[in-house]
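Residue numbers (this note's numbering): 9 to 112. Only one structure is covered here, and it is reproduced in the block below.
Put into structure tokens, the structure is as follows:
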């Protein structure tokens, strides 16, 4: 009976250690910056790992007042590319902790 309690304590310590590592990895990822572009860099978005937009740059040569829809499409493309980059990095960084867990 006591032997089982020792295993349980060991498992709890291991889980706490893994939780601390996971939190540290997530915090590090949240601080990291990711860049996505559209139209060969004419539109650029920089976001943090927690998916907050830090900056949006639109080069003057892409601005055509008669074609605002194109700018909107380029911004969407750059934002979506950045989100995909963040998701891939999140999976790479956090996947070791979440593999096999339900909902991940």
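Heads up, the beta-carbon is just placed ideally off N, CA and C, and yes, glycines get one too.
Counting C-beta atoms within 10 angstroms of its own C-beta, residue 55 has 16 or more neighbours from the protein chains shown and is therefore classed as buried. For residue 52, the enclosing beta strand (DSSP E) covers residues 51 to 56. Checking the DSSP bridge columns, you'll see residue 41 partnered with 56.
When Cβ pairs closer than 8 Å are counted between the two stretches, the region 91 to 105 is seen not to touch the region 60 to 67, the count staying below three.
In this structure, the beta-carbon distance from residue 82 to residue 32 does not fall below 7 Å. Within the same chain, and ignoring the five residues on either side of residue 17 in sequence, no residue has its Cβ closer than 8 Å to its Cβ. Assignment of residue 62 by DSSP, reduced to helix, strand and coil, places it in the strand class. Straight across, the Cα-Cα distance linking residue 44 with residue 93 is about 8 Å. Non-local beta-carbon contacts of residue 89 in its own chain, meaning distances under 6 Å to residues more than five positions away in sequence, involve 44 in chain order. With respect to the 7 Å criterion, residue 52 and residue 65 are classified as neighbours on the basis of their beta carbons.
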